[in-house]
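The structure appears below as structure tokens.
Put into structure tokens, the structure is as follows:
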């Protein structure tokens with residue numbers, strides 16, 4: 001008895017005790033053994049965060065959006081349309097260079113540029129988001145029907161081919177000219193021109209996947225079209241849809257700058273980034289006043305580049321082929 | 325090919341017809357104050373009525389539309405009211421066309437040359453410095469509104485390079501910046517697509533075969549890859565034309581080039597309805613003809629292309 005036990009103990013000597021401890025759940029190890037706790041959105045998020053530039057820009061934009069919302073409620077903020085008066089002379093405080101009182105200086109009629117820039121950012125982001133949302137909702141709706149319902153395809157394609165030949169810029173200019181400047185007319189003019197591209201893109205993608213086997217099977221089982229479109233087709237398109245929305249924002253902001261530049265922008269009492277840049281452009285020849293152009297231009301460029309980079313990074317991340 | 329061209333031509337004509345009709349209808353929605361010119365506050369209602377009647381604006385809409393087609397067919401684009409009162413729009417525009425045409429064509433030429441070159445360089449040095457620099461350029465151009473970088477080019481490059489800040493016909497040196505600025509957008513789009521096609525082609529089997537045969541990397545590039553990557557580039561010619569058109573509106577007014585783009589900005593700011601109407605029609609027609617030519621060219625270069633295959637949004 002004794003001898004056998006010793007032999008047993010000797011055999012146990014070389015064994016690592018830790019191998020017999022209870023295993024903790026480890027997501028990485030689970031992946032390796034083939035067990036999948038894969039979640040589409042979490043993977044998308046993880047891949048997105050791996051892109052350090054895009055992640056930084058996301059934080060930056062969240063901060064900017066948050067700041068534009070709370071900025072008017074912070075202490076010591078000036079009104080963006082109030083004309084400041086110089087206490088010493090009783091005159092308007094024109095073209096006052098940036099200092100501790102007016103962080104970004106004042107413009108040519110004495111308004112605080114700091115307040116105007118954040119108010120303008122708010123307006124421009126609002127325009128961008130509205131146009132982007134409209135483009136996504138309307139473009140996807142029309143695009144999905146266009147691609148899926150074959151009877152509509154011929155008609156819509158012919159209509160599209162006719163309208164596609166007209167330069168977008170010109171349609172935008174004409175609509176803005178006729179509607180007359182105002183926040184909602186500008187949004188309407190941009191919406192009218194922007195959704196066509198998205199609709200076309202969604203249509204092309206739907207045509208590619210509409211007759212795959214899983215959709216044929218669905219159809220044979222009597223699934224209604226609406227369900228096939230929303231459950232089978234559109235989830236495929238999440239990445240490109242997000243990309244289009246993200247890119248619609250900088251392009252809408254750019255269109256606003258363009259319309260303002262050619263004299264069809266918002267009225268001056270609604271500050272927008274386009275307005276501010278146009279005001280800055282008017283006094284471009286005086287080198288000491290160029291800050292009035294540079295500040296809004298830098299803010300504008302940061303916003304548009306961030307949305308552009310984020311959109312592309314997100315589209316990459318949302319593609320399951322790029323998931324680990 | 326013939327059938328395709330014919331169909332495409334008919335489509336363009338239909339588009340043009342629709343554009344003319346829609347523009348006419350939309351312009352009629354504008355308030356009538358725009359038709360009296362300077363000093364309209366001195367006119368009494370009867371005089372205003374007479375002016376409107378003389379302009380034919382009190383006729384039934386279909387008569388007006390018919391007259392509009394008739395006028396356009398004979399080359400009569402209407403008469404300017406505010407910009408240069410009582411001068412036919414056609415005369416004003418005639419003097420401006422050569423400038424816009426020259427700058428536009430030069431910009432398209434430059435963008436083709438440099439865009440494709442940049443694309444090739446980026447593909448050749450993929451994932452290295454030049455590729456990254458090129459990508460940064462493309463992102464910048466696509467993301468930042470054109471007005472902003474046009475302004476900064478005019479502001480700082482004229483300083484740094486000692487170039488004149490405004491256009492002057494007698495000084496060819498003042499033509500450089502406007503043309504280059506106008507080309508920047510198209511360069512980015514050509515470079516992006518060229519790089520993508522080159523990278524796609526490099527991974528194809530025939531390139532591997534060529535490498536297996538022992539061809540040098542340079543020969544594979546020039547003899548095989550480049551040729552195949554060139555064909556799809558033709559389809560971005562129309563996009564480039566449209567980019568140049570919208571670019572010209574900015575650039576011409578920024579550098580005071582007496583072309584149509586600057587004229588459009590002037591006409592809009594002074595609310596000269598007939599002039600805006602005529603320019604919108606001309607620009608649409610330019611776009612339509614440009615796209616038609618681009619599509620036909622593409623059909624000639626690549627017989628596989630059919631009418632419905634044109635992808636992408638613009």
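Chains as they are written, first to last, in the numbering used here: chain A, 1 to 324; chain B, 325 to 638. Ideal Cβ placement from N, Cα and C applies to all residues, glycine included.
Beta carbon of residue 439/B nearer than 7 Å to that of residue 514/B | Your numbering for residue 439/B matches position 115 in the second chain. Your numbering for residue 514/B matches position 190 in the second chain. Yes, the pair counts as a contact, with Cβ atoms nearer than the cut-off.
Buried or exposed: where does residue 385/A fall if 16 or more other Cβ atoms within 10 Å of its Cβ makes it buried?
-> Here chain A comprises residues numbered 1 to 324, so residue 385/A is not present and cannot be evaluated.
Hey, quick one: how far does the alpha helix (DSSP H) through residue 391/B stretch, first residue to last?
-> On the second chain, residue 391/B is found 67 positions in, with the first residue counted as 1. First-last of the alpha helix (DSSP H) with residue 391/B: 385-397.
Rounded separation between residue 404/B and residue 296/A - CA only | Looking up residue 404/B in the second chain gives position 80. Looking up residue 296/A in the first chain gives position 296. Taking the straight line from one Cα to the other gives about 36 Å.
Answer with buried or exposed for residue 279/A, where buried requires no fewer than 16 other C-beta atoms within 10 angstroms of its C-beta.
-> Indexing the first chain from 1 puts residue 279/A at position 279. Burial call: buried.
Comparing the C-beta of residue 598/B with each C-beta of chain A, is any distance below 7 Å?
-> In the second chain, residue 598/B corresponds to position 274, counting from 1. It does not; no Cβ of chain A falls within 7 Å.
With 7 Å as the C-beta to C-beta threshold (strictly closer), list the residues of the segment 609-627 of chain B near chain A in chain order.
-> With the criterion set as a beta carbon lying under 7 Å from some beta carbon of chain A, the members of the segment 609-627 of chain B are 611, 612, 615, in sequence order.
Hey, could you find the ends of the alpha helix (DSSP H) residue 236/A is sitting in?
-> In the first chain, counting from the first residue as 1, residue 236/A sits at position 236. Run containing residue 236/A: none; DSSP gives neither H nor E here.
State yes or no: is the beta carbon of residue 459/B nearer than 7 Å to at least one beta carbon in chain A?
-> The residue given as residue 459/B occupies position 135 in the second chain. Contacts with chain A at 7 Å (Cβ-Cβ) do not include residue 459/B.
Sequence-distant residues of the same chain with beta carbon closer than 8 Å to residue 326/B, five excluded per side = In the second chain, residue 326/B corresponds to position 2, counting from 1. Within the same chain, and ignoring the five residues on either side of residue 326/B in sequence, no residue has its Cβ closer than 8 Å to its Cβ.
Bridge partners - residue 112/A, DSSP secondary structure assignment = By 1-based counting over the first chain, the position of residue 112/A is 112. Per DSSP, 106/A.
Between which two residues does the alpha helix (DSSP H) carrying residue 158/A extend?
-> Here residue 158/A refers to the residue found at position 158 when the first chain is read from its first residue. Counting along the chain, the alpha helix (DSSP H) containing residue 158/A begins and ends at 150-164.
Give the range of the alpha helix (DSSP H) segment to which residue 371/B is assigned.
-> Within the second chain, numbered from 1, the residue matching residue 371/B stands at position 47. Its alpha helix (DSSP H) spans residues 369-378.
Between the C-alpha atoms of residue 596/B and residue 406/B, what's the straight-line distance to the nearest angstrom?
-> What you label residue 596/B is simply residue 272 of the second chain in a count that begins at 1. What you label residue 406/B is simply residue 82 of the second chain in a count that begins at 1. Taking C-alpha positions only, residue 596/B is separated from residue 406/B by approximately 5 Å.
Reducing DSSP to helix, strand and coil, say where residue 92/A ends up.
-> Within the first chain, residue 92/A is the residue found at index 92, counting from 1. Residue 92/A carries a strand assignment under DSSP once its states are collapsed to helix, strand and coil.
Best match in 260/A, 123/A, 219/A, 202/A for proximity to residue 402/A [C-alpha to C-alpha] | The structure shown has nothing for residue 402/A, since chain A only spans 1 to 324.
Under the DSSP definition of a beta bridge, which residues are partnered with residue 403/B?
-> Position 79 of the second chain, counting from 1, holds the residue named residue 403/B. When beta bridges are read from the DSSP output, residue 403/B appears opposite 412/B.
Three-state class that DSSP yields for residue 631/B in the structure shown = Taking the first residue of the second chain as 1, we reach residue 631/B at position 307. Caution applies to residue 631/B, whose pLDDT of 47 falls short of 50 and renders its modelled position unreliable; the value that the coordinates give is listed next. The answer is helix: DSSP assigns residue 631/B an H, G or I state.
Alpha-carbon spacing of residue 336/B relative to residue 610/B, whole angstroms = Within the second chain, residue 336/B is the residue found at index 12, counting from 1. Within the second chain, residue 610/B is the residue found at index 286, counting from 1. When the Cα atoms are used, residue 336/B and residue 610/B turn out to be separated by approximately 11 Å.
Between the segment 127-139 of chain A and the segment 187-201 of chain A, do three or more beta carbon pairs fall short of 8 Å?
-> Touching, yes, given that three or more Cβ pairs across the two stretches are closer than 8 Å.
Backbone CA spacing between residue 635/B and residue 619/B [nearest angstrom] = Position 311 of the second chain, counting from 1, holds the residue named residue 635/B. Position 295 of the second chain, counting from 1, holds the residue named residue 619/B. Only weak support exists for where residue 635/B lies, its pLDDT of 43 falling under 50; the coordinates are left without a value.
Relative to the C-alpha of residue 187/A, which residue among 104/A, 249/A, 223/A is closest?
-> The residue given as residue 187/A occupies position 187 in the first chain. Residue 187/A has its Cα closest to that of 249/A, out of 104/A, 249/A, 223/A.
Taking only beta carbons into account, state which residues of the segment 260-278 of chain A come closer than 7 Å to chain B, listed in chain order.
-> Residues 261, 262, 263, 264, 277.
At a CB-CB cut-off below 8 Å, which residues of chain B make contact with residue 75/A?
-> Locating residue 75/A in the first chain gives position 75, where the first residue counts as 1. Below the 8 Å Cβ cutoff, chain B contributes no neighbours of residue 75/A, its closest Cβ being approximately 32 Å away.
Report the neighbours of residue 559/B on chain A: residues whose CB is nearer than 7 Å to its CB, in chain order.
-> Mapped onto the second chain, residue 559/B falls at position 235. What residue 559/B touches in chain A: nothing, since even the nearest Cβ is about 13 Å away.
For residue 336/B, which of helix, strand or coil comes out of DSSP?
-> Taking the second chain and counting its residues from 1, the one referred to as residue 336/B is at position 12. For residue 336/B, the three-state secondary structure derived from DSSP is helix.
Contact check, residue 340/B vs residue 612/B under 8 Å by CB: the rounded distance?
-> Taking the second chain and counting its residues from 1, the one referred to as residue 340/B is at position 16. Taking the second chain and counting its residues from 1, the one referred to as residue 612/B is at position 288. Yes, they are in contact, since the Cβ atoms of residue 340/B and residue 612/B sit about 6 Å apart, within 8 Å.
Can you tell which of 88/A, 57/A, 146/A, 318/A has its C-alpha closest to the C-alpha of residue 244/A?
-> Residue 244/A sits at position 244 when you count from the first residue of the first chain. Ranked by how close their Cα comes to the Cα of residue 244/A, the residues 88/A, 57/A, 146/A, 318/A have 318/A in first place.
Minimum Cβ-Cβ distance from residue 339/B to chain A less than 7 Å = Here residue 339/B corresponds to residue number 15 of the second chain, with the count starting at 1. Yes, contact with chain A.
Can you give me the Cβ contacts of residue 625/B inside the same chain, cut-off strictly under 7 Å, excluding the 5 residues immediately before and after it?
-> Position 301 of the second chain, counted from the start, is the residue given in the question as residue 625/B. Excluding residues within five positions, the ones whose Cβ falls inside 7 Å are 555, 558.
Interface residues of the segment 235-260 of chain A facing chain C [CB-CB below 7 Å] | No chain C is part of this structure, whose protein chains are labelled A and B.
Terminal residues of the alpha helix (DSSP H) in which residue 592/B lies = Here residue 592/B corresponds to residue number 268 of the second chain, with the count starting at 1. For residue 592/B, the uninterrupted alpha helix (DSSP H) run begins and ends at 584-593, by DSSP.
Any chain B beta carbon closer than 7 Å to residue 165/A | Indexing the first chain from 1 puts residue 165/A at position 165. Chain B contact via Cβ: present.
Is residue 308/A close to chain B, meaning its C-beta is less than 7 Å from at least one C-beta of that chain?
-> Residue numbering aside, residue 308/A sits at position 308 when the first chain is read from its first letter. Yes - at least one Cβ of chain B is within 7 Å of the one on residue 308/A.
Report yes or no: do the segment 302-320 of chain A and the segment 55-68 of chain A share at least 3 C-beta pairs separated by less than 8 Å?
-> The segment 302-320 of chain A and the segment 55-68 of chain A touch, with no fewer than 3 CB-CB distances between them shorter than 8 Å.
For residue 482/B, which residues of its own chain have a beta-carbon under 8 Å away from its beta-carbon, when the five flanking residues on both sides are left out?
-> The residue given as residue 482/B occupies position 158 in the second chain. Once the five neighbours on either side are set aside, the close Cβ partners of residue 482/B are 488, 489, 501.
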